[in-house]
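Working notes for the structure below.
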Amino acid sequence: MPPGLVEIGIALAPEIIKLLREAFAKQNPDAPQPSETEIVQAATAGLIASLGVDDRWLAGHPDGGTF
Amino acid sequence: MRSLGKRRLLISFLISCSIYSLALQHQACAKAPPTLGPQGVIAFQNIQIQKPLDLARDIAIEANATTPPLVREDVTRKIVLWHKSALTVLHTRNGDWKVTLASSMDEVLKNLNPQESSVLKPYFDLVKAILASLS
Numbered sequence: 000m001p002p003g004l005v006e007i008g009i010a011l012a013p014e015i016i017k018l019l020r021e022a023f024a025k026q027n028p029d030a031p032q033p034s035e036t037e038i039v040q041a042a043t044a045g046l047i048a049s050l051g052v053d054d055r056w057l058a059g060h061p062d063g064g065t066f
Numbered sequence: 000m001r002s003l004g005k006r007r008l009l010i011s012f013l014i015s016c017s018i019y020s021l022a023l024q025h026q027a028c029a030k031a032p033p034t035l036g037p038q039g040v041i042a043f044q045n046i047q048i049q050k051p052l053d054l055a056r057d058i059a060i061e062a063n064a065t066t067p068p069l070v071r072e073d074v075t076r077k078i079v080l081w082h083k084s085a086l087t088v089l090h091t092r093n094g095d096w097k098v099t100l101a102s103s104m105d106e107v108l109k110n111l112n113p114q115e116s117s118v119l120k121p122y123f124d125l126v127k128a129i130l131a132s133l134s
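Listed below in structure tokens is the structure:
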């Protein structure tokens, strides 16, 4: 198996699990819904985490070019 | 080596198609919970839109890390920088942010060769589909 495939699988595993959980929750209307506070906190945390990935990659790949 | 690169490209393409199909199916029924207020709805939408933006960035980084790279490093850098800007536009929502976001994706696509475009365009299309679904 190509090593890239393994890395992609590992990278996407949380997202796939999350999608499956959300799909399962739709079949169970009694499942608790996230509160507004939790949604806002999740969005903020997701933003910070994602920007961190960008910054780490850019720091590891310095460049003199422009966008 | 060349056949290995093609095989990885094919695998990446198949994974992209699978994720795209799964995500599109998911997004088609992803409505904000009715209990949320305006701030919560915006946060919910931001999460939904950020997912494919992150996936596009992650796939670009992953494709750049292969040997040989499926996405050139300078292109990956542009995508990472675009991703940072796109998240800022998304979470600040100033002005006509949806048009700005869609235009920025079109601009990024202009810098891609056909191979890179085939890997990343599905995610951009997904973002555009979600943006179009927002009222």
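Going line by line, the protein sequences match chains A and B. Mapped onto numbering that gives the first Met the number 0, the consecutive letters of the first sequence carry residue numbers 0 to 66. Mapped onto numbering that gives the first Met the number 0, the consecutive letters of the second sequence carry residue numbers 0 to 134. We put the CB at the ideal spot given by N, CA and C, even for glycine.
Residues of chain B with CB under 9 Å from G59 (chain A), in chain order? Residues of chain B passing the Cβ test: none, with the nearest at roughly 10 Å.
Proximity test, Cβ basis, 8 Å: I7 (chain A) and chain B: yes
Counting only Cβ pairs nearer than 9 Å, list the residues of chain B close to I38 (chain A). The contacting residues are A31, P32, L35, Q38, G39, V40, A42, F43 and I46.
Just checking my contact of A31 (chain B) with Q44 (chain B) at CB under 8 Å: how many whole Å lie between their CB atoms? 7 Å
Go to H60 (chain A), then tell me how far its alpha helix (DSSP H) extends in each direction, as first and last residue. Counting along the chain, H60 (chain A) falls outside any alpha helix (DSSP H), and DSSP gives it neither H nor E.
If the cut is a Cβ gap below 9 Å, which residues of chain A does T99 (chain B) touch? Chain A residues near T99 (chain B): none, gap ~15 Å exceeds 9 Å.
Terminal residues of the alpha helix (DSSP H) in which Q31 (chain A) lies: Note on identity: in this sequence residue 31 (chain A) is Pro, with Gln being the wrong assignment. Note, P31 (chain A): premise wrong, no alpha helix (DSSP H); not H, not E.
So for T65 (chain B), helix, strand or coil by DSSP? coil
With a threshold of 8 Å between beta-carbons, can G3 (chain A) be considered close to chain B, or not? yes
Which of helix, strand or coil does DSSP assign to V70 (chain B)? coil
Can you find at least 3 beta carbon pairs, one from the region 77-85 of chain B and one from the region 9-17 of chain A, that sit closer than 8 Å? For the pair of segments examined, the region 77-85 of chain B was found not to touch the region 9-17 of chain A: the number of CB pairs separated by less than 8 Å stays below three.
Indicate whether Y122 (chain B) and A55 (chain B) have their beta-carbon atoms separated by less than 8 Å. yes
What residues of chain A sit near T65 (chain B), judged by a beta carbon separation below 7 Å? Within chain A, the residues near T65 (chain B) are G3.
At the 8 Å Cβ level, is Q49 (chain B) part of the contact set with chain A, yes or no? yes
Does any residue of chain A have a CB that is nearer than 8 Å to the CB of L86 (chain B)? yes
Assign V126 (chain B) to buried or exposed, taking buried as 16 or more other Cβ atoms, counted over all protein chains shown, within 10 Å of its Cβ. buried
Where does T183 (chain B) sit, in a helix, a strand or coil, going by DSSP? Here chain B comprises residues numbered 0 to 134, so residue 183 (chain B) is not present and cannot be evaluated.
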